[in-house]
Every structure is written in C-alpha cells, then in structure tokens.
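Below you'll find the structure, written out as structure tokens, and then a few comments.
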Amino acid sequence: MTLIHLAIFLPVIAAVAIAIIYRYVKDVHLGWFVLPIPAVIAAYLFSLIPSVADNQVFHHTLNLMPRIGLNFDVYIDGLGLLFAILISGIGSLVVLYSIGYLSKDERLGNFYVYLLIFMTAMLGVVLSDNVLMLYFFWELTSISSFLLIAFWFTKDKSVYGAQKSMLITFFGGFMMLGGFIILSIITGSFSIREMIANVDLITASPLAPLAVVLILLGAFTKSAQFPFYIWLPDAMEAPTPVSAYLHSATMVKAGLYLVARFTPVFAFSELWVWLILVTGLVTLFWGSFNAVKKDDLKAVLAFSTVSQLGMIMSLLGVGALAVASGANEQLFTVAVVAAVFHIINHATFKGALFMVAGILDHETGTRSIRKLGGLMTLMPITFTMTIITSLSMAGLPPFNGFLSKELFLEAMFEISQANFSALAEWSVLFPILAIAGSIFTFVYSIKLIHGVFFGKRTHDTPKEPHEAPALLLASPIILSSLVIIFGLFPNILSGSIIDPAAMSILASDTALNTKISHWHGFNNPALWATVAVVVIGAALYLFRNSWMFIYDYHKEQFTLNYLYDQGLIYSELGSAKATDGIMTGFLREYMVYIFGFFVVIGVITTFYAGLPIVFDNFAEVGLQDMALVIIMLVSLAIIMMTRSRMVSIIMLGAIGFSMALFFAFFRAPDLALTQLAIETVTTTLFLVCFYHLPKRSKHEESMQFKFINFIVSVGVGVIVILFGLAAYSNRLFDSISQYHIDNVYELAAGGNMVNVILVDFRGYDTLMETLVFGIAGIGIYALMKAKVSRKDDDNEEHA
Amino acid sequence: MELVTIILSGILIASATYLILSKSVLRIIIGLSILSHGVHLMILTMGQLKRGNVPVLDDSVSSYSDPLPQALILTAIVISFALTAYSLVLLLRNYKELGTDNTEDMKGVPHGD
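Residue numbers (UniProt numbering), protein chains in the order written: chain A, 1 to 799; chain B, 1 to 113.
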C-alpha cells in the first residue's frame, strides 16, 4: 500500500464519509465536501509530472492474490499520468459545476457516491499494470456509469439509456477479458509490461488475431466507436455534469487508453492497424454527419464526441504504424503526438461545451436548438465560452483544436507513404474521409453558435433566459481558458505531458522533443485542407436548407438503434418461444425428453464403445421358469390393453406374485417372503385407492396408442437389454460375497446370510430404509389428515 | 436362464416406460411398480442365477448363491413399496382436490389472476 494506491482508493473511501455527511449535514451543499477529494488527487498527480517528464516511471505492487497473478500493480508512466490528471482535474471541475447545477432537493448522496466510485474505477483503469485489475476497474466504470445515467430513475428514457449502455459496454468488457486471458496464456503473465517485453511470443502466436479482435471489441464499445456508438446519445439522459465528465472527458476515453496502452503489444498486427484506422475514420465521419441533423444540444454534443473519439482512434491507428516500422519513424510519431494532444484538447473543449449546454438548459429550461436563439446579449459569458470551445472543436486557429486537427490531417496525408500491407493503395480514401468528417464537424460547430446565440430571440423557452450564476460559470471558464492557453502556448504541454505519453505509446526511450507550432508553411497540405474545410463548411451551413433533405432518406428502419431495439425485442421473443416450446407443462412430454435422452445416449455409447456380448455362462432354463415368464408377459399384455383399471390392478398383482415365485426359484427365500407380503399390501392399497375414485371418472378409457411413446419405450427396453447383457458378459472380478459367506458365523454369529448382511454387515442401509418407511408413513398420514385446500386459500386472499 | 431374465426385465422396463408416458396417474403408478420389478430382476440376474444353495449356513453345503444382491433387493423392495404407497395416497388426495387423474388436466391456474 503506497501513496498512489491510497490516491486511487481515496474517492471510494471518501464515499463512505460522504454518505454519512449527507445524512447529517443538510445546510451545506454536499458537493463542497466532495470537491477537495479530486483536487487533492490532482495536486498529488501534478507533483509527479517533473519526474515522469524525466523518463522516470513508478511501479508499485500490492499483492492481492499472488498465486493466480492477481496483484494490484500500479504503473505510472506518461500515458497513465496524462489520463489520471484528466480524470482528477476535470473531476474537480465537474464537482464544482455540479454544486451549482444540482439543487439540494436532488438525491445528492447517491450522486456523489456514484461519482466517487467512478473516479476510483477510472483511476484504477489508467494506472493498473495488471490486466485483471484493469478489467475489474473497467467493469466498475461501467457499473457506476450505469448508475449515473439512471440517476433520475423515474424517467423511462433514463432507464432505457442506462440499460442500453450497460448491455453494450458489458458485452465489450467481457470480450476484452477474453482477450486479456488469451494474452496471459501466450505470455504467462497478467502484467502489461511483461506482455510488452514478450512481444515476440505474441507475434508468433496463432491466437494473437483473436486477442486483437476481443480487446478491440472492449475498446470500441467503451469508446463508442462504429457501430457501438449507439449507447452514447442515449446516455445523455444523465445529469449534465455526468455527461460532461463520463461521456466526454473520461470514460469514453478508456477505450482510447486501452488501444494506446496495447499499441506496443499489437502494432505488428495488420488486423490491429486496419481495424483501428478504418473504424476510427468511419466513426469520425458518421458521428459528425449525424451530429448535424440533431436538434437537442446534448445529442449534437454526443455525436460530436463519437466523431472526435473516432478521430483519435484513427490517429492511434497511424501511430501503430510508427511502432510497427520502428519507433523513430518521424512521419508517424506525429500521429501519436496528435492523438495525445487531441485527447487533452477534446477533454477541455468538450467538457466546457457540455457544461455550457447544461447552463443553457438550466437557465432557459430547454435544450432544443430550435427553441433557442438570440441569446448573445442575454448570456454574454456563456456566449463567449461557446465561441471559444466550438471554434476549437471545429479546428480553427488560434484555439487548441486547430493544432491537433492540423496534425491529424497531416497524419492522414502522410499515410500514403506507409510501407504496410495494402495501406498505400487505399491511402487516398483516408484524407477524403477525414476532410469530409471535418467539414461536418465545422457545420455543426457553427450551428451550435449560430442557432443558439444569433438570430431572432425566440420566446418559446420555458424560463426567461438570463446569465448563469458564478458557480455554474466557474468550471467552463477555467476549461475555456485552458482551450486558449493550450492553443497559444502548446509547448507547455508538449515537453511535460505529451512527450512522455507518446513515448509510452511508442514504447521508446528516445526523447521526442516535439514542437507544436501554428504555422507549417504554405506547402503543407494540411493547411489547404483546413482552408477547404472552412470554405466548404461555411457554404454548406449557409445553404443548409437546400441539402438537409438528405437526412430524410436516413429512415428510422435503417438506423443502428432500430436494429438494436429490434434485436432486443426479438431475442426476448425468441427465448420466450423456445421456452414455451420446450416447457409445455405436460408431464408426459418431459418424461419423453428424459427417456429419449437416455435412449440417445445409450445408442451413442453403443455405437462408439461397442457392446461385447458373450452368449455363454448362462444357467439352464427350467420348465416352471418359462411358465412364469409367460404368466408375466400375458399379465403385462393385459395391463397394456385393458380398459378397466380393476383388471390392470389385478394383473399388476399377478406380476408381483410371479416375481415372488421367481425369487423362490432363484434361491432367495427372504426375498420371496417379503415380495409376497408387500405385493399383497400393495394390491390392497391399489384397491383401496380404486374404491375411492370419484364416480364421474368411472368412464374408464383404454390407453390411446401413441407412436412416439411406443418408439421411446421400445428404445428404452432395447437399451436396457443390451446393457444388461453386456454387463453380464463382462464380469471383471469375482463377487465380494465370499467374504460374507465365510464370515457370517465367525464374525456375526448368524446363519442367514441375507439377514446378517442387512442388520450386521450393512446395517446402515437398513437403518435408513426404515427411516424412508417412517417418513412415507408420516407423509401419508399428513396427506390424509391435512384439511387445507388451495382453493379456499385463494378465496380468502381475494375476499 | 440369465438371458431370459435380462430380456424379461427389458420388456418389463419398456412396458413400464410406456405406462409412465400415459396420461392417467394410476397408470403411471402401475408403471413405477412394474419398473421396480424389472430393476429388481436385473439386480438379481447380475449376481448370477441358480448357482449354489439358498444362502443360509449349512455345514453340508459348500456353494451358496450370492447373498449380496438379495440384501440389496430386499432394501429396494421396501423403499419402492414406501414410494408406491405414498404416491397412491397422493393420487387419492389429488382426486379429492382436483377431481381428475389426467395429468394433462393438471395445468393449474397461473399465479396472479
């Protein structure tokens, strides 16, 4: 247990205290007590920056289950530290914002406890070196995210969104666990650093592609990549601080973290690079394309998040090329730097944008862009922040989004120089998709600014709009200032955070010395691409009314949401149908399954094992034996065919008495005696039962012949005969009975061997058999005496 | 002889199966009875038939038939009798409560209505 372990668990430990405080302190907003926790963690993590920038890594072990390799190993390098700082830093701002956003009437105790659990989970994900612990924290983020989305659980949409996100992210998490286990089988370790060290083993293993796909499924579902992005827009039912924190800045980046973390392991794999590149770009384009048509502010931001995550994902794909072709390949290390930089940038501007959306919602009562308008003069501070952050999102100078977007476009142009599988031939597509996505990004960014703050002031808003209180404004102001600061002075980040993070993605020790500059010269294609994006985007926005109709072609039936909903409905219907089909409620059918299964297994066993039957070693057949056999067969036939119950009872008696005779012939006098006595009593019982039958069921029917029943019972009989013969033909060793015969008098002082076995050698059987008898007697007594009738019970309940 | 008894017990068990698959509870109980007869016969057969004398100690006899299967069957007879008696009473009780001995009619009413 070191300080860093304590830092990871601090939120959860504090959550207990918060729950108690919530119980007793009612005057002060609970958020004020929560605020110091992420702030302290952030401060502690900031203090680690200089050492990490100096290529120092921290590694601490906490043994949990060392025998199976489950240890809580914390490993801090540039990448982990970057994410941890984002989590705790933005966490502090979100808590501050939530103090203004959530009133004291809400169930604040629940909110902050969930949020603190999430914080621990997220810190655990990014700082764990052990994949099992990573998986543990990963699922904990899913669970706490589920709880936070359904915070207003009385609303159907919240519950729907929570369920959807849970199903999708749990699916991915589970697949990811499979990938981790494959990796640990290959390398023999659960430690990520060990896996990176043993990358040769992974390269050589035929299981590697499976691990790639499984781990990427985890990353794609969590980071809302195509086609798993569908949960993110529905997660917007969460309170806005949650959307800002989980669904823009931190949790959705867990997938990116995973991809970045495993890049040194998997970069050799063509599958890995292709999947990340293509999925990222498709997501980028599709997310931004869909964002334009949305009217709800948070929906626009959700699709925008999807699109930006896709952009980072594709950059990580290019970054993998750098690892695959040697870490010093300058061309592609740019992509890694861009990815890391954009992770920071996106966290700042998207966090701020969500907070702004929350402010608008809070102060006007609606999030619909159509109902808002002309708020520029009414909400000047909010307006300024929106301008800054939206333009940064659109990729315009001088904000930080511009810098990372330039790097992104540059990386996409340079992909044509990749010497990697068929990448060079398809490389034309990448910049085109990237630019198209950027154009739509530009369009919805402008739409956000223009639709909300410009134009005529509408009076549809439920509340009279006015500027938000300082408490709400503080956090987005800090984030927007960061947008400008990082935009103007990007190099304060590059040396301290971006380079160490990029180096851990590339798994290299050589310092990168990145210099991010605004100006790359006229001959840089990325510059012209940006110009094109702005020009085309502006034109598209100006003439939006003439092309927006294309969205009408995107009918509900063709969306992935529809597919998901229908899939859910049909899987429920299908399983209901399956159970209804099998579980009919009829005893007969269940018995058919059971006997049928017995027959099938018997046939399969016979087929594969063979049944060596030897027809010898049989005793001679006497005439009286055959007579008995015939009596039994005739009685059986009568039972099967008769209409009368009485006759079948008597025939059953005949079979029983024949059995007694058999026992007599086969030298078992005790058995014969018992069988005689018991058969008499049984027959009497049957007759008593018969006598008590209600009159109306007197019209007795003969058994209807059922073909399936016949087949099954013949099968059972044949299998029994075959197995009996096989068992008889293959006696492996002599009976142990000789011991009983030899010692019956010496040890037990008795002459009747059967009785001595029953009460002496194997007396326990007899004891328990007596118990069975006693229980049956008590049961019969209870059945006869019990007066309770279910029908009466029900009537009483209804009355 | 063992060949005959094995086949006989196979036929007994097959008929029992057929009866158990019928609708009437009385027939099912008859089927269970026959099933136990078939099984007892099979156990006895596995201990070999007609080898040696009745297993009661006698100085003039050197070979006895196997006493162990007989002890096992004795236990099994008693237990199957207890089962038969209990299920018969259960059948009786069922008649009184439900007025039917047809398993297909014993569907009951789903809870909650």
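Glycine included, every Cβ here is placed at the ideal spot set by N, Cα and C.
Bear in mind that the values here come from a model prediction, so they are computed numbers and not experimental data.
- Task: Classify Lys785 of chain A as buried or exposed, calling it buried when 16 or more other Cβ atoms lie within 10 Å of its own Cβ.
- Result: Under this definition Lys785 of chain A is an exposed residue.
- Which listed residue (B:Leu92, B:Leu32, B:Ile7) has its alpha carbon closest to that of Tyr18 of chain B: When only C-alpha atoms are compared, the closest one is B:Leu32.
- On a CA-only basis, which of A:Ser307, A:Ser475, A:Ile631, A:Gly610 is nearest Ile381 of chain A? Give me that one, please. Across the set A:Ser307, A:Ser475, A:Ile631, A:Gly610, the C-alpha of A:Ser475 shows the shortest separation from the C-alpha of Ile381 of chain A.
- Query: Below 8 angstroms, can you find three or more Cβ-Cβ pairs linking the stretch 501–518 of chain A to the stretch 368–382 of chain A?
  - Reply: Result no; under three Cβ-Cβ pairs closer than 8 angstroms.
- Item | 8 angstroms Cβ cutoff met for Val273 of chain A and Ala320 of chain A | Annotated as proximal: Val273 of chain A and Ala320 of chain A, with beta-carbon spacing under 8 angstroms.
- Item | Range of the contiguous beta strand (DSSP E) that encloses Phe58 of chain A | 58–60 is the extent of the beta strand (DSSP E) around Phe58 of chain A.
- Message: 8 angstroms is my cut-off, CB to CB: does Arg762 of chain A come that close to chain B?
- Response: Closer than 8 angstroms to some Cβ of chain B, the Cβ of Arg762 of chain A qualifies, so yes.
- Limits of the unbroken beta strand (DSSP E) element including Val74 of chain A: 74–76 is the extent of the beta strand (DSSP E) around Val74 of chain A.
- Any chain A beta carbon closer than 8 angstroms to Ser62 of chain B: With a threshold of 8 angstroms between beta carbons, Ser62 of chain B makes no contact with chain A.
- Query: Is there at least one Cβ from chain A nearer than 8 angstroms to Asp105 of chain B's Cβ?
  - Reply: No, no contact with chain A.
- Query: Per DSSP, what kind of secondary structure is residue 801 of chain A in: helix, strand or coil?
  - Reply: The requested residue 801 of chain A is not part of the displayed model; chain A covers only 1 to 799.
- Query: So what's Asn53 of chain B in DSSP terms, helix, strand or just coil?
  - Reply: In the three-state reduction of the DSSP assignment, Asn53 of chain B falls in the strand class, which pools E and B.
- Task: Going by DSSP, name the residue or residues bridged to Leu70 of chain A.
- Result: Bridge pairing for Leu70 of chain A: A:Met65 [DSSP].
- Item | Leu3 of chain A versus Ser496 of chain A: straight-line alpha-carbon distance, rounded | So the alpha carbons of these two residues sit roughly 22 angstroms apart.
- Looking only at DSSP bridge pairs, what is Ser368 of chain A linked to? As a beta-bridge residue in DSSP terms, Ser368 of chain A pairs with A:Asp296.
- Item | Range covered by the alpha helix (DSSP H) that runs through Pro612 of chain A | Here Pro612 of chain A belongs to no alpha helix (DSSP H), and DSSP marks it neither H nor E.
- Ser494 of chain A beta carbon less than 8 angstroms from that of Ile516 of chain A: Between Ile516 of chain A and Ser494 of chain A, the C-beta spacing is below 8 angstroms.
- Query: At least one CB of chain B closer than 8 angstroms to the CB of Pro612 of chain A: is that the case?
  - Reply: Not closer than 8 angstroms to any Cβ of chain B, the Cβ of Pro612 of chain A fails to qualify, so no.
- Query: Going by the CB atoms, is the gap between Ala339 of chain A and Lys297 of chain A shorter than 8 angstroms?
  - Reply: The question names Lys, but residue 297 of chain A is Leu in the sequence shown. Cβ atoms of Leu297 of chain A and Ala339 of chain A: not closer than 8 angstroms.
- Tell me whether Gln675 of chain A counts as near the ligand PLP, meaning its Cβ is closer than 7 angstroms to at least one heavy atom of that ligand. This structure simply doesn't include the ligand PLP, nor any ligand for that matter.
- Message: Given a cut-off of 8 angstroms on the beta-carbon distance, is the pair Ser288 of chain A and Thr141 of chain A in contact?
- Response: No. Outside cutoff.
- Check each candidate in A:Asp73, A:Gly173, A:Thr683, A:Ala162 and name the one with the smallest Cα separation from Arg193 of chain A. Measuring from the Cα of Arg193 of chain A, the nearest candidate turns out to be A:Asp73.
- Continuous alpha helix (DSSP H) stretch holding Asp760 of chain A: start and end: Counting along the chain, Asp760 of chain A falls outside any alpha helix (DSSP H), and DSSP gives it neither H nor E.
- Message: Per DSSP, what are the beta-bridge partners of Ser191 of chain A in this structure?
- Response: Answer is A:Asn130.
- Message: Please list, in chain order, the chain B residues whose beta carbon lies closer than 7 angstroms to that of Leu685 of chain A.
- Response: Against chain B, a Cβ distance below 7 angstroms from Leu685 of chain A picks out Ala85, Leu88.
- Does the Cβ-Cβ distance between Phe598 of chain A and Leu628 of chain A come in under 8 angstroms? For Phe598 of chain A and Leu628 of chain A, no; Cβs fall outside 8 angstroms.
- Item | Proximity winner among A:Asp77, A:Ala84, A:Ser307, A:Phe33, relative to Phe111 of chain A (alpha-carbon distances) | When the alpha-carbon of Phe111 of chain A is set against those of A:Asp77, A:Ala84, A:Ser307, A:Phe33, the nearest one is in A:Phe33.
- Message: Please tell me whether Ile99 of chain A has its Cβ less than 8 angstroms away from any Cβ of chain B.
- Response: Ile99 of chain A does not count as touching chain B.
- Look at Phe383 of chain A and Ser392 of chain A and say whether their C-beta atoms are less than 8 angstroms apart. No Cβ-Cβ contact shorter than 8 angstroms links Phe383 of chain A with Ser392 of chain A.
- Message: So that I know if they touch, is there some Cβ in chain B lying closer than 8 angstroms to that of Met641 of chain A?
- Response: Any Cβ of chain B closer than 8 angstroms to the Cβ of Met641 of chain A would place that residue at the interface, and such an atom is absent.
- Message: I'd like the list of long-range same chain contacts for Ala468 of chain A, defined as Cβ closer than 8 angstroms, with 5 residues on each side in sequence excluded.
- Response: Cβ within range, chain order: Gly100, Ile359, His362, Glu363, Met379, Ile381, Thr382.
- Taking the runs of the alpha helix (DSSP H) that are 4 residues or longer, which of them lie wholly in the stretch 458–500 of chain A? Assignment of alpha helix (DSSP H) within the stretch 458–500 of chain A, counting only whole runs of 4 or more residues, yields 470–488 in chain order.
- Query: Mind checking Phe47 of chain A: buried by the 16 CB within 10 Å criterion, or exposed?
  - Reply: Reading off the sequence shown, one finds Ser at residue 47 of chain A, where the question assumed Phe. Looking at its Cβ environment, which holds fewer than 16 other Cβ atoms inside 10 Å, Ser47 of chain A is exposed.
- Excluding the five sequence neighbours on either side, which residues of its own chain have a C-beta within less than 7 angstroms of the C-beta of Met412 of chain A, listed in chain order? Excluding residues up to 5 positions away in sequence, Phe430, Pro431, Ala434 lie with their Cβ nearer than 7 angstroms to the Cβ of Met412 of chain A in the same chain.
- Message: By DSSP's criteria, Ser24 of chain B is part of a beta bridge. Which residues make up the other side?
- Response: Checking the DSSP bridge columns, you'll see Ser24 of chain B partnered with B:Asn102.
- Message: Which residue wins for smallest C-alpha separation from Asp156 of chain A, given the options A:Met236, A:Ile708, A:Leu115?
- Response: Comparing Cα-Cα distances from Asp156 of chain A to each of A:Met236, A:Ile708, A:Leu115, the minimum goes to A:Met236.
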